[in-house]
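This report concerns only the one structure given below.
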């Protein structure tokens, strides 16, 4: 039994190392003292690229577009996905089966198919491609992920808390905002962060619906033909650091709850 667990631990750490290696390479080459545009060989250690992180105007604009689109996607998909997830988890109504099917079909459909279908829709409606179509597309494929997360949380809610609020004279609306919504808030936040992450690094669907607009992933893809500047590594490192910080803060915040439980 001990030998089996030792092999399992070794395998786990091997997988973690394999997944972490590209991130570590990205972080390391953000400090590379490369003299030219090609950032492929190690030339020395420097912090200068962190001071010049916004030195390329086109890259900074692309990152700004991606961040704005991701924020709007997280907010709108969070609101719509929360409503759908709550309805599916709490109520049984005619058509709930097909709605579930559509949600999981949107999650499992290849991005190539979704991007091509959205492009056909926008072109047929005469909608010009740009930031608006990118945002609409990102909201459409993010709603499913938010609704699934919220639905899973709704199914595990303790209904006795809502019944106790009703026994104490609270209306249905008051019960929802004072009892149900705070219990759903961690799931809603998780769904919104997932929507933000899916949006900010999406390439396939964005490539179909962007037109002449350039987002952060599209800029990187275009720059690979002439060489990636170190600023790309720096921006990637900062985005990764923000994600790790959010995860750490979430873990620290949930630790007292686990102790009380």
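Numbering (the working numbering), first residue to last: 678 to 938. Note that beta-carbon positions come from the ideal geometry of N, C-alpha and C, so glycine has one too. No experiment lies behind these values; they were computed from the predicted model shown.
Between the alpha carbons of residue i and residue j, how many angstroms are there, rounded?
i	j	result
residue 978	residue 847	In the structure displayed, the chain extends from 678 to 938; residue 978 sits before or after that span and is not available.
residue 908	residue 914	10 Å
residue 734	residue 894	15 Å
residue 697	residue 793	33 Å
residue 752	residue 690	36 Å
residue 871	residue 702	24 Å
residue 814	residue 823	15 Å
residue 704	residue 685	29 Å
residue 727	residue 766	46 Å
residue 763	residue 885	32 Å
residue 682	residue 688	10 Å
residue 944	residue 819	Outside the displayed span of the chain (678 to 938) sits residue 944, for which this structure offers no information.
residue 916	residue 922	10 Å
residue 694	residue 844	54 Å
residue 786	residue 800	21 Å
residue 867	residue 926	13 Å
residue 912	residue 797	33 Å
residue 772	residue 692	42 Å
residue 849	residue 840	10 Å
residue 775	residue 836	26 Å
residue 889	residue 755	28 Å
Tell me which residues share the same chain as residue i and place their Cβ nearer than 8 Å to its Cβ, disregarding the 5 neighbours each side in the sequence.
i	result
residue 842	851, 852, 855, 856
residue 720	709, 710, 711, 712
residue 670	Outside the shown range of the chain (678 to 938) lies residue 670, about which nothing can therefore be said.
residue 930	none
residue 897	905, 909
Given residue i, which residues of its chain have a CB within under 6 Å of its CB, disregarding the five upstream and five downstream residues?
i	result
residue 760	none
residue 821	780, 783, 784
residue 864	826, 827, 830
residue 838	856
residue 722	708
residue 706	716, 910
residue 942	Outside the displayed range of the chain (678 to 938) lies residue 942, so it cannot be described from this structure.
Under three-state DSSP, which class holds residue i?
i	result
residue 722	strand
residue 910	helix
residue 884	helix
residue 777	helix
How about residue i and residue j: are their beta carbons less than 9 Å apart?
i	j	result
residue 738	residue 891	yes
residue 714	residue 906	yes
residue 816	residue 757	yes
residue 834	residue 861	yes
residue 708	residue 724	yes
residue 904	residue 874	no
residue 918	residue 736	no
residue 910	residue 716	yes
Here's a check: name, in chain order, each residue in its chain whose Cβ is nearer than 7 Å to the Cβ of residue i, leaving out the five neighbours to either side.
i	result
residue 812	746, 749, 750
residue 791	818, 882
Quick check: the region 739 to 758 against the region 870 to 883, are at least 3 beta-carbon pairs closer than 8 Å? Contact holds: three or more Cβ-Cβ distances are below 8 Å.
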